[in-house]
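Residue numbers (the numbering used here): 18 to 338.
Reading through the structure tokens given below for one structure.
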């Protein structure tokens with residue numbers, strides 16, 4: 018199953034440090050290490066059936082992290098497949114016309130659909146009464162109601178098929194039958210997408226950094242379920258002056274040093290340069306103070322060793338060309 022399907026967020030706790038000239042040909046600036054976080058949220062409502070990973074777990078792209086109750090979604094797919102089959106039969110009959118054997122088969126289909134409807138109706142009324150008396154659960158009542166609705170729709174479709182068979186098709190009926198096939202195909206596609214979305218699938222390789230629900234919890238559409246962080250490549254935003262900005266280009270190499278690990282450097286590169294200046298302080302009135310205009314520069318840092326953690330303060334040396 019595909020996943021369903023998610024929204025991506027970048028943790029943004031950034032320390033705004035003053036840049037300064039480092040070694041010859043470099044620009045030094047401070048900042049905070051950031052991780053790329055992907056928040057996986059429910060795209061269909063329902064009760065959480067499974068939560069397959071704990072915080073700290075490593076996951077691969079495509080791994081199923083959680084499952085939302087999909088019993089009703091499976092029924093909806095089955096119903097959509099049945100209605101599509103009926104629509105295709107109606108279209109075929111509209112094109113070819115009716116035969117006595119077709120009529121017999123259609124009549125038998127109506128009988129079977131009628132029997133299924135009567136049974137579903139009887140069970141639905143029984144569960145409705147038990148639910149009102151608090152002797153049946155809501156899920157039992159909902160299941161009986163869904164089966165009743167499906168049986169009702171299938172009976173109506175079977176009866177409509179029989180009526181179509183019993184009369185000669187006209188061109189407009191063929192056109193209408195083809196439109197019903199297209200509508201049924203679209204309904205089946207939507208039902209399958211909803212079923213796929215009941216499986217919460219990781220879109221990236223990464224670490225589970227947040228497990229937000231437990232089995233049995235209810236998830237509405239948009240409810241966050243997991244956060245997965247891509248820790249292989251970290252990010253860092255630093256701020257430089259207008260003069261320094263003129264020296265920096267996308268792709269420029271950088272070395273990053275953690276405050277707590279000054280003996281080790283982590284290679285990085287410039288991946289984003291802001292085109293909007295930020296004033297420091299906000300109200301800069303004099304010409305002399307305009308040097309305090311700063312621009313955001315984002316670095317992408319290799320983290321194959323997994324030493325870098327989100328939130329750690331660090332110093333970057335950007336080697337301008």
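By construction, the Cβ of each residue, glycine as well, lies at the ideal position given by its N, Cα and C atoms.
With a CB to CB cut of under 6 Å and the five nearest residues on each side skipped, what residues in its chain are close to residue i?
i	result
residue 201	100, 101 and 104
residue 148	158
residue 151	none
residue 226	244 and 246
residue 282	272 and 274
residue 319	284
residue 306	For residue 306, the predicted model reports a pLDDT of 46, less than 50, meaning its position is unreliable and no value from the coordinates is stated.
residue 140	161
residue 255	46, 48, 314 and 333
residue 57	23, 217, 242 and 243
Would you kindly work out how many angstroms separate the C-alpha atoms of residue i and residue j, rounded to a whole number?
i	j	result
residue 142	residue 136	10 Å
residue 129	residue 144	23 Å
residue 231	residue 266	47 Å
residue 26	residue 272	Note that residue 26 scores 31 on pLDDT, short of 50, meaning its location in the model is unreliable; the coordinates nonetheless yield the value given after this. Cα-Cα distance, rounded: 25 Å.
residue 315	residue 80	30 Å
residue 125	residue 193	24 Å
residue 175	residue 197	14 Å
residue 350	residue 85	Outside the modelled stretch of the chain, which goes from 18 to 338, sits residue 350, for which no answer is possible.
residue 39	residue 206	Note that residue 39 has pLDDT 48, beneath the 50 cutoff, so the model's placement of it is unreliable and the number below is only indicative. In a straight line, the C-alpha of residue 39 is about 58 Å away from that of residue 206.
residue 413	residue 253	The shown model of the chain, from 18 to 338, leaves out residue 413, and the question about it has no answer.
residue 184	residue 121	14 Å
residue 52	residue 249	9 Å
residue 199	residue 264	58 Å
Going by Cα to Cα distance, which pick from the options is closest to residue i?
i	options	result
residue 110	256, 190, 261 and 260	190
residue 228	44, 131, 203 and 82	82
residue 278	245, 329, 73 and 315	329
residue 123	181, 69, 68 and 67	181
residue 171	55, 56 and 96	96
residue 75	222, 120 and 188	222
residue 163	90, 292 and 250	90
residue 133	156, 168 and 146	168
residue 107	146, 177 and 45	177
residue 286	199, 317 and 332	317
residue 338	312, 270 and 332	270
residue 173	131, 160, 210 and 263	131
residue 288	56, 248 and 335	335
residue 209	322, 98 and 121	98
residue 218	73, 78 and 50	78
residue 321	73, 263, 251 and 312	251
Could you please give the first and the last residue of the uninterrupted alpha helix (DSSP H) stretch that includes residue i?
i	result
residue 213	188-213
residue 261	259-262
Could you give the DSSP three-state label for residue i: helix, strand or coil?
i	result
residue 91	helix
residue 221	coil
residue 180	helix
residue 169	helix
residue 249	strand
residue 302	Per-residue confidence for residue 302 stands at a pLDDT of 44, beneath the threshold of 50, marking its modelled position as unreliable; the derived number appears in the next sentence. Reduced to three states, the DSSP call for residue 302 is coil.
residue 153	coil
residue 316	strand
residue 143	helix
residue 105	helix
residue 75	strand
residue 113	helix
residue 336	strand
Suppose the cutoff is 7 Å on Cβ atoms and the five residues either side in sequence are ignored; what does the same chain contact list for residue i look like?
i	result
residue 16	In the structure as shown, the chain begins at 18 and stops at 338. Residue 16 is therefore absent and cannot be evaluated.
residue 236	59, 62, 63, 65, 85, 230 and 242
Leaving out five residues before and five after residue i in sequence, what residues of the same chain have Cβ atoms less than 8 Å from its Cβ?
i	result
residue 71	225 and 228
residue 324	275, 278, 281 and 283
residue 153	144 and 147
residue 43	334, 335, 336 and 337
For chain D, find out if any of its Cβ atoms is closer than 7 Å to the Cβ of residue i; answer yes or no.
i	result
residue 61	Protein chain content of the structure displayed is limited to a single chain, and chain D is not contained in it.
Any heavy atom of the ligand GTP inside 6 Å of the beta-carbon of residue i?
i	result
residue 91	This structure simply doesn't include the ligand GTP, nor any ligand for that matter.
Where do the ends of the beta strand (DSSP E) carrying residue i lie?
i	result
residue 67	63-68
residue 270	270-275
residue 286	278-290
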